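Chemist: The numbering of the sequence shown is our numbering, which starts it at 924 and goes up by one. All C-beta atoms in this analysis are idealised placements derived from N, C-alpha and C, irrespective of residue type, glycine included. As the structure is a prediction and not an experimental result, all values here were calculated from the model. Supplied in C-alpha cells, the structure appears directly below.
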Amino acid sequence: MPVEKKDSVMESREKIIVRTSIIGIIANALLAGFKAFVGVVTGSIAIILDAVNNLSDALSSVITIIGTKIANKGQDKEHPLGHGRVEYLTAMIIAVIVLYAGITSLKESVMKIIHPELPEYTTASLIIVGAAIFVKIVLGLYVKRTGESVKSESLMNSGADALNDSIISASTLVAAIIFIVTGLSLEAYLGVIISIIIIKAGIEMLQSAYDQIVGVRIDAEMASGIRKTVSSVEGVYGVYDLLLHNYGPEFVLGSVHIEVPDTMTADKIDTIEREIQEKVLRENNVIMTSVGIYSRNTTNSRAANVRAKIIKMLRDHDYILQMHGFYFNEEEKRIQFDVIIDFDAPDRLALYNHIVQEVREAYPDYEVNVALDVDLTD
C-alpha cells in the first residue's frame, strides 16, 4: 500500500492549515478586543455578543490547529490507518462551540428585551464596527477558500462563520444608525436574530461533521472519475461496486469490481489489477486496496440470451437501478448476478425476494444466486 507517497502532501497541507488558523486567531482576538470595548462603552448588547462570537472563532482556530497536528501524526501500531479522521471530530467540536455561543447569546438577548437598556454610540465606535466588517469579509473569504483548496472541513466552517459574522456586524451597524437617527433601540431584538443565525450555523456545521464521521454517499464527480480511470485499462469490460473509505481528507481507500472475459488467465488479471491501482492513485488520489473480479461469459452462446431475458424481467419492475456481475454456468446449472434496488423502494427486501422467485420460476433447473447490492453512487 503506497501510503508513504502522501506524507509530503500531508505535511504541506498541515503547514497551510496551521498558518491560516494562526492568522484567524490573531485577527479574531483583535476584533474581539475592539468590539468588547465598544460594546461596554456604548452599552450595546449586539456588539458585545459580536465580540463573544469573535472569541469563539479564535478558539475554533486553536482547536483546528490541535486537530490538524493530531491528524497528521501518521500511522502507528494501534492506528495502522493513521489519525486523519480526527479532523472530523475537530469540526464537530467547533460546531458545538458555535452552537453553545448561539444559545448563550439568545438567552442574554431575551433578558435584554425583558430588562431593556439604551445604548450610547460614538462616531469612533461606528468606525470600529465598520472596519470590523471589512476585516471579517476578507478573513472569511481567505479562510474559506484555503479550506476548500486543502479539503479542511474545519477551515471551511471557520471561513463560512466569519462571512456570517460580517453580515451580523453589518446588521449591528444598521441598528446603531437607526437608533442615532430615530431613537428607536433594536439592539436586543437584533441580538435575538444574531443568536438564531449562530445557532443555525452551528447545527449545519454539526450535521456536516456528523455526515463525514458516519459516512455519506460517494461524490458523483469523484466516482465518475475513478470509473473512467478503471475503464481505460485494457481488458476491463465493466466497472461496478465502487466503495470508498475516508480516513481523512487526503487519505481515501477504495475497492472495486471489474468485469473481465472468462478466458482471461490469472497472470493477465494480476497485471490489470496492478495497473488499476497505479492509475487510480496517480489520477484520482485514491488507494485501491482491492480489485474484485466478475467473470464475463464469452464461450457460451446461450448466456447472452439468458442475460437479455433476465434484464427484461427486471425492467418490468420499478426501482431496479442496475444488474451486474452476471454469469451463466451451464455445466453446473447455475445463474448468478447482483442487483441494485433504489433506497426509495417501498420494500427493498420484498422486491428482491420477488425478483429471485421470478428468475427461479423462469429457470427451474438452475441454481439462482442473486446478491442484493447497495446503491452507493450515482
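Is T1221 helix, strand or coil by DSSP?
Modeler: In the structure shown, T1221 sits in coil (DSSP, three-state: anything other than H, G, I, E or B).
Chemist: Please state if the CB of A1098 and the CB of E1110 are separated by a distance shorter than 8 Å.
Modeler: Cβ atoms of E1110 and A1098: closer than 8 Å.
Chemist: Provide the residue span of the alpha helix (DSSP H) that contains Q1130, from first to last.
Modeler: Unbroken alpha helix (DSSP H) run through Q1130: 1110 to 1137.
Chemist: In angstroms, rounded to a whole number, what distance separates the CA positions of L1299 and L1166?
Modeler: Near 7 Å, if we compare the C-alpha coordinates of L1166 and L1299.
Chemist: From G1114, V975, T1013, pick the residue whose C-alpha is nearest to that of V1033; which is it?
Modeler: Among G1114, V975, T1013, the Cα nearest to that of V1033 belongs to G1114.
Chemist: For R1257, does the three-state DSSP call read helix, strand or coil?
Modeler: Of the three classes helix, strand and coil, the one that applies to R1257 here is strand, per DSSP.
Chemist: Residues bridged to Q1280 by DSSP?
Modeler: The partner list for Q1280 (beta bridge, DSSP) is empty, contrary to what the question assumes.
Chemist: Closest to I1210 by C-alpha separation, out of F1174, K1191, I1192, would be which residue?
Modeler: When each option's Cα is compared against that of I1210, the closest is F1174.
Chemist: Would you list the one or two residues that DSSP bridges to L1167?
Modeler: Answer is G1177, bridged to L1167.
Chemist: For Q1200, count the other beta carbons within 10 Å of its own beta carbon; 16 or more makes it buried, fewer makes it exposed. Which is it?
Modeler: Its Cβ being crowded by 16 or more others within 10 Å, Q1200 is buried.
Chemist: From this set, V1058, Y1112, N1080, which residue's C-alpha is nearest I1126's C-alpha?
Modeler: Cα-wise, what sits closest to I1126 is N1080.
Chemist: Does DSSP put N1292 in a helix, in a strand, or in coil?
Modeler: In this structure, N1292 counts as strand in the three-state DSSP scheme.
Chemist: From the DSSP output, in three-state form, read off V985 for me.
Modeler: Correct three-state label for V985: helix.
Chemist: Taking the C-alpha atoms as reference points, what is the distance between S1131 and I1017?
Modeler: Roughly 12 Å between the two C-alpha positions.
Chemist: Could you round the C-beta distance between G1138 and K1191 to whole angstroms and report it? I think they count as a contact, below 8 Å.
Modeler: With 8 Å as the limit, G1138 and K1191 do not qualify as a contact, their Cβ atoms being about 34 Å apart.
Chemist: Tell me whether Y1160 is buried or exposed, calling it buried when 16 or more other Cβ atoms sit within 10 Å of its Cβ.
Modeler: Y1160 comes out exposed.
Chemist: In chain order, what are the residue ranges of uninterrupted beta strand (DSSP E) at least 3 long that sit wholly in the segment 1229 to 1255?
Modeler: For the segment 1229 to 1255, whole beta strand (DSSP E) runs of length 3 or above, ordered along the chain, are 1243 to 1252.
Chemist: Rounded to a whole number of angstroms, what is the C-alpha to C-alpha distance between I1116 and N951?
Modeler: In a straight line, the C-alpha of I1116 is about 21 Å away from that of N951.
Chemist: Under 8 Å, with one C-beta from each stretch per pair, do the segment 1060 to 1070 and the segment 1010 to 1029 reach the 3-pair mark?
Modeler: No contact exists between the segment 1060 to 1070 and the segment 1010 to 1029.
Chemist: Report the three-state DSSP secondary structure of G1005 (helix, strand or coil).
Modeler: Of the three classes helix, strand and coil, the one that applies to G1005 here is coil, per DSSP.
Chemist: Using only the alpha-carbon positions, how far apart do H1277 and H1180 sit?
Modeler: Near 26 Å, if we compare the C-alpha coordinates of H1180 and H1277.
Chemist: Going by alpha carbons, who is nearest to I1051 out of L953, D1265, N1292?
Modeler: Checking every option, the nearest Cα to that of I1051 belongs to L953.
Chemist: Tell me whether the beta-carbon of S919 lies closer than 8 Å to the beta-carbon of T1013.
Modeler: Since the first and last residues shown for the chain are 924 and 1301, residue 919 lies out of range.
Chemist: Would you mind reading off the limits of the alpha helix (DSSP H) that contains E1076?
Modeler: Start and end: 1076 to 1105.
Chemist: Given a cut-off of 8 Å on the beta-carbon distance, is the pair A974 and G966 in contact?
Modeler: No; because the gap between Cβ atoms is not below 8 Å, this pair is not in contact.
Chemist: For I1050, which three-state DSSP category applies?
Modeler: Helix.
Chemist: DSSP three-state label for I1026, please.
Modeler: Here I1026 sits in helix by DSSP.
Chemist: Which first and last residues belong to the alpha helix (DSSP H) in which R1150 is found?
Modeler: From DSSP, the alpha helix (DSSP H) with R1150 extends over 1143 to 1154.
Chemist: Should S1155 be labelled buried (16 or more other beta-carbon atoms within 10 Å of its own) or exposed?
Modeler: It is exposed - the Cβ of S1155 has fewer than 16 other Cβ atoms within 10 Å.
Chemist: For I1106, does the count of other Cβ atoms within 10 angstroms reach 16, so buried, or fall short, so exposed?
Modeler: The sequence given here has Gly at residue 1106, not Ile. Exposed.
Chemist: Where do the N-terminal and C-terminal ends of the alpha helix (DSSP H) with L1204 fall, by residue?
Modeler: It spans 1189 to 1207 - the alpha helix (DSSP H) in which L1204 sits, taken as one unbroken run.
Chemist: Apply the 10 Å Cβ neighbour rule to D980 and answer buried if 16 or more other Cβ atoms are within range, or exposed otherwise.
Modeler: So D980 ends up on the buried side.
Chemist: What is the rounded straight-line gap between the Cα of I1103 and the Cα of M1015?
Modeler: Approximately 41 Å, taken between the alpha carbons.
Chemist: Take Q1135 as the anchor and find which of H1168, G1148, D1193 has the nearest alpha-carbon.
Modeler: That would be H1168, whose Cα lies nearest to the Cα of Q1135.
Chemist: Are S1028 and I1056 closer than 8 Å when you measure CB to CB?
Modeler: No, they are not a contact pair.
Chemist: Closest to T991 by C-alpha separation, out of R936, K1030, E1031, would be which residue?
Modeler: When only C-alpha atoms are compared, the closest one is R936.
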